[in-house]
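Enquirer:
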Amino acid sequence: MSQKTEIARRRTFGIVAHPDAGKTTLTEKLLLFGGAIQVAGAVKSNKIKKTTTSDFMEIERQRGISVATSVMAFDYADKKINILDTPGHKDFAEDTYRTLTAVDSVIVVIDVAKGVEEQTEKLVEVCRMRRTPVIVFVNKLDRPGKEAFDLIDEIEQKLHLNARPLSWPIGMGDRFQGVYNLFEEKLVLFRPDNKQGRPEEVIEFNDLADPQLDSLVGEDAAEELRGEVEMINEVYPDFARQDYLDGEISPVFFGSAVNNFGVKELLDCFVQIAPPPRPRPAEERQVEPNEDQFSGFVFKIHANMDPRHRDRIAFLRICSGTFERNTNYLHVRQGRKLKFANPTSFMAAKKEVVDEAFAGDVVGLYDSGNFKIGDTLTEGEELHFKGVPSFSPEQFRRVINGDPLKSKQLAKGIDQLMDEGVAQLFTRTVDNAQIIGTVGALQFDVIQYRLEHEYGAKVIYEPINLHKALWVTSEDPAAMRAFLERRRQHVGVDKSGRNVYLAESAWTLQMAKDNHPEIEFHSTSEL
Ligand code: G4P
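Next up, the structure:
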C-alpha cells in the first residue's frame, strides 16, 4: 500500500467521558468488532477495580497499566483505527487534556441517567477550542434515564455543541426496544443478552409510516417514534458531513455499550464520517499529512514505574509522512539527530516493535530523558508544532525543600517531572517562591512520592491561596510593564519564562481584567 493510501485510511480518535459513563466498556466493544480482542473483559481486566486502597495508589497502578492501553489499534472496514486512551480518573490530570491534542476526532460518552457531567464539560471545551469533530454516544439506554430531547438540550447547553441526532431511542429502561438509525434509515431492535457481539436484529426501514412498525414495536411506541422523528427533522438541521468535520455539528447516537447495542451503528457511521489525519499547524507553516517527509510531536511521556530504570516512553503522534525504525531524525529543540531501535506500536493491549508507521499513528519511543512534551521530530526541517499547550491549573502548593542536603536532587526531579507534564511550575516574581500547579489535587501526592523514590528528594508543600494561574500577554509593552509592576505581588513566570498572573480569587481576577483592558488573559499557554 502506498503512503498516501495508508494515511488516508487512518482514523485516530479519543473517547472522552466522565468516570463510569462507560468508556472502557465502549472501547472494549469497539475492539471486539475490530477483532483486536476475542472476548469481552479483556480490556476491563486491565482496569483498576474499585478497591479500598487510597486514590494515590490507584494512580500509581494506573501509571503501570495505562502504557498498555494508551493506544489501541485495530482494522475495521479497511480503516486503521487508533483509539487513544484519555485516562479518566476522578482526579484527572493534564495528560488527559493533552491526549486530545493528538487525536483527529473524539467520541463523547454520556450516561443517560446522569447526563452531561463535569469532566466531560472540561474535556469537550478543549475539543471545541481545537475545532475537533465530536460524536456523542448516549449510553446505558437499558436503564431509566433522562428524556432524549432533554438530553440533547443539555448537550447543547452544557457542551455548547450543536447536536444532530443520528439515531433515536424507542423507549428507555424496561421499555427500551431499540433505536431508529436515522443515518442509514434502519430499525435496530434491542436484545438484552447480546454481550459477546451477536448480530442485532436490523431491519431496513425508510418509511416510518409503514404499519409494520406498529407490529414490531407496538402501536404506542410506533406513534411516539413517528412524532419524535418528525420533530427531529423539523428542528435540527440536516446532517452534513462537512459541518461535522468543521466542528459545527455533533451527531448523537444512543445505545447500551454493555449490551453491545448501538455500538456497531456508531462504528459504521464513524468509519464513514470521521476525519483521516488532519493537517497540523506548526509555527513555521501548516504540515500536511501526505508530505513525503516525516514529522511528529511528543504529546505524552510515561515514566517507568521502576525507580532503578529512569527510562521513559515518549508517545509520538506522527503528523506527516512515514516514520521508520533505525533512521536518524532531527530532535528540533536539541538540534541533534536521534534514531530509535525499538519503536513500538500498540495493537490492542499488545506492544510490538514496528518498522514503519504513518501519519495518524502513534509510536512509543524509549527515552532516557531527551524528550519534553511538545518536542518535534523531523527529517531535518526546523518545525515547531503548535497546539500542545499547557492548561491553566486550578490547584496550587508552594514547594519547600524538605532536605537541604538534597536541593540538587529536588531541582532535577521537579524539572524532569514538569517536562513529563505531571504538573506545572511557576516562580513568583516578588519572592521567587516556587509554586506547583496541577489540574487535579492528587498529582501532589504523586509528585511527592516520585521525588522521594526516584530522586531521593524530599518536598514539603505549603498551602497557598491561589485561584488560577493565567498566562498574560499584551500588544502594548508599556501596558505590560505597568501591569507587572502594579500586580507585582501576584505575577510570576512559568518554566519557559512566560508571564503568568497568579489570581487569588475569581474576584481579583475580574478586577485585574477590568483595570487592565489592554492585557489579555489566557487559560492555555499557547497564546
Ligand atoms: P468508565 O470506563 O467510563 O469509567 O466506565 P466503565 O466502562 O467501566 O463502565 C462503568 C459501569 O457502567 C460498569 O459497571 C459497566 O458495566 C456499566 N455499564 C457500561 N455500559 C453500560 C450499559 O450500557 N448499561 C448498563 N446498565 N451499564 C453499563 P460496574 O458495575 O462499575 O463494573 P462491572 O462490575 O460491570 O465490570
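Offset between the sequence shown (1-based) and my numbering: plus 675.
All C-beta atoms, glycine included, are put in the ideal place defined by N, C-alpha and C.
From a predicted model like this one, the values you see are computed outputs, not experimental measurements.
Which residues does DSSP list as the beta-bridge partners of Ser970?
Expert: Bridge partners of Ser970: Ser995, Thr1053.
Enquirer: So, do the region 789-802 and the region 682-692 have three or more beta carbon pairs nearer to each other than 8 Å?
Expert: Segments in contact, yes.
Enquirer: Between which two residues does the beta strand (DSSP E) carrying Glu1127 extend?
Expert: Per DSSP, Glu1127 belongs to no beta strand (DSSP E); it is in the alpha helix (DSSP H), 1118-1130.
Enquirer: Does the count of Cβ pairs from the region 1007-1024 and the region 1049-1061 closer than 8 Å reach three?
Expert: These segments touch.
Enquirer: I believe Gly1112 touches Gln1164 by the beta-carbon criterion, under 8 Å. Please report the beta-carbon distance rounded to the nearest angstrom.
Expert: Between Gln1164 and Gly1112 the Cβ distance is about 17 Å, and since that is not below 8 Å, they are no contact.
Enquirer: Return yes when the Cβ of Ala1187 is within less than 8 Å of the Cβ of Arg1162, no when it is not.
Expert: Yes, they are a contact pair.
Enquirer: Buried or exposed: which applies to Thr680, given that a residue is buried once 16 or more other Cβ atoms fall within 10 Å of its Cβ?
Expert: With fewer than 16 other Cβ atoms within 10 Å, it is exposed.
Enquirer: Alpha carbon to alpha carbon, what distance is there between Asn757 and Gly1035?
Expert: Each residue's Cα considered, the two are about 8 Å apart.
Enquirer: Indicate, with yes or no, if the ligand G4P has a heavy atom lying under 7 Å from the CB of Lys1012.
Expert: No, the beta carbon of Lys1012 sits no closer than 7 Å to any heavy atom of the ligand G4P.
Enquirer: CA-CA distance, Thr807 and Ser1082?
Expert: Taking the straight line joining both Cα atoms gives about 43 Å.
Enquirer: Within 7 Å: the Cβ of Val927 and any heavy atom of the ligand G4P?
Expert: Checking the Cβ of Val927 against the ligand G4P gives no.
Enquirer: For Glu940, tell me which candidate among Pro840, Val1029, Asn908, Lys789 has the shortest Cα-Cα distance.
Expert: It is Pro840 whose Cα lies nearest to the Cα of Glu940.
Enquirer: How about the region 815-826 and the region 931-950: do they share at least three Cβ pairs that are nearer than 8 Å?
Expert: Yes: at least three Cβ pairs fall under 8 Å.
Enquirer: Kindly identify the DSSP beta-bridge partner or partners of Glu1031.
Expert: According to DSSP, which records beta bridges pairwise, Glu1031 is partnered with Glu999.
Enquirer: Looking at Val783 and the ligand G4P, is the gap between the Cβ and the nearest heavy atom below 7 Å?
Expert: No.
Enquirer: Going by other Cβ atoms of all chains shown within 10 Å of its Cβ, with 16 needed for buried, is Trp1146 buried or exposed?
Expert: Buried, since its Cβ has 16 or more Cβ neighbours within 10 Å.
Enquirer: How would you call Pro1064, buried or exposed, if buried means at least 16 neighbouring beta carbons within 10 angstroms?
Expert: Pro1064 comes out buried.
Enquirer: Can the beta-carbon of Asp750 be found closer than 8 Å to that of Pro952?
Expert: For Asp750 and Pro952, no; Cβs fall outside 8 Å.
Enquirer: Sorted by chain position, which residues of the same chain lie with C-beta nearer than 6 Å to Asp695's C-beta, five sequence neighbours on each side aside?
Expert: Once the five neighbours on either side are set aside, Asp695 has no close Cβ partner at all.
Enquirer: If you draw a straight line from the C-alpha of Thr726 to the C-alpha of Asp760, how long is it?
Expert: Confidence is the limiting factor: at Thr726 the pLDDT is only 41, short of 50, which leaves the residue's position unreliable, though a coordinate-based value still follows. Spanning the two alpha carbons is a distance of roughly 22 Å.
Enquirer: Distance check for Val746 and Phe969, CA to CA, integer angstroms please.
Expert: Cα-Cα distance, rounded: 20 Å.
Enquirer: Please list the segments of the beta strand (DSSP E) lying wholly inside the region 906-989, counting only runs of 3 or more residues, in order along the chain.
Expert: Qualifying beta strand (DSSP E) stretches, in chain order: 925-929, 970-978.
Enquirer: Do you know how far the Cα of Glu923 is from the Cα of Arg916?
Expert: Between Arg916 and Glu923, the C-alpha separation is close to 10 Å.
Enquirer: Is DSSP giving Ser720 helix, strand or coil here?
Expert: For Ser720, the pLDDT reaches just 48, beneath the cut-off of 50, and the residue's location in the model is therefore unreliable, although a value from the coordinates is still provided. Here Ser720 sits in helix by DSSP.
Enquirer: Could you give the DSSP three-state label for Gly709: helix, strand or coil?
Expert: Reduced to three states, the DSSP call for Gly709 is coil.
Enquirer: State yes or no: is the C-beta of Pro844 nearer than 7 Å to some heavy atom of the ligand G4P?
Expert: No, since every heavy atom of the ligand G4P falls outside the 7 Å radius drawn around the Cβ of Pro844.
Enquirer: Can the beta-carbon of Leu883 be found less than 8 Å from the beta-carbon of Ile845?
Expert: Going by C-beta atoms, Leu883 is not nearer than 8 Å to Ile845.
Enquirer: Please determine whether the Cβ atom of Asn814 lies at a distance below 7 Å from any heavy atom of the ligand G4P.
Expert: Yes, the Cβ of Asn814 comes within 7 Å of a heavy atom of the ligand G4P.
Enquirer: Considering only DSSP beta bridges, list what Asn1107 is partnered with.
Expert: Partner(s): none; Asn1107 has no beta bridge.
Enquirer: For Leu1202, count the other beta carbons within 10 Å of its own beta carbon; 16 or more makes it buried, fewer makes it exposed. Which is it?
Expert: The pLDDT assigned to Leu1202 is 49, lower than 50, so where the model puts this residue is not dependable, and the model offers no usable value.
Enquirer: Is the region 952-965 close to the region 853-860, with three or more CB pairs under 8 Å?
Expert: No, because fewer than three Cβ pairs between the region 952-965 and the region 853-860 fall closer than 8 Å, the two stretches do not touch.
Enquirer: With a 10 Å radius around its C-beta and 16 neighbouring C-beta atoms as the bar for buried, classify Ile878 as buried or exposed.
Expert: With fewer than 16 other Cβ atoms within 10 Å, it is exposed.
Enquirer: Run through DSSP, which three-state label would Thr727 get?
Expert: Note that Thr727 has pLDDT 39, beneath the 50 cutoff, so the model's placement of it is unreliable and the number below is only indicative. Correct three-state label for Thr727: coil.
Enquirer: When DSSP labels each residue in this structure, what does Met804 get in the three-state scheme?
Expert: Of the three classes helix, strand and coil, the one that applies to Met804 here is helix, per DSSP.
Enquirer: Keeping to the same chain, check which residues put their C-beta closer than 6 Å to that of Val927; ignore five residues upstream and five downstream.
Expert: Contacts found: Val811, Ala838, Pro840.
Enquirer: Less than 7 Å separating the Cβ of Gly697 from some heavy atom of the ligand G4P?
Expert: Result yes, Cβ under 7 Å from the ligand G4P.
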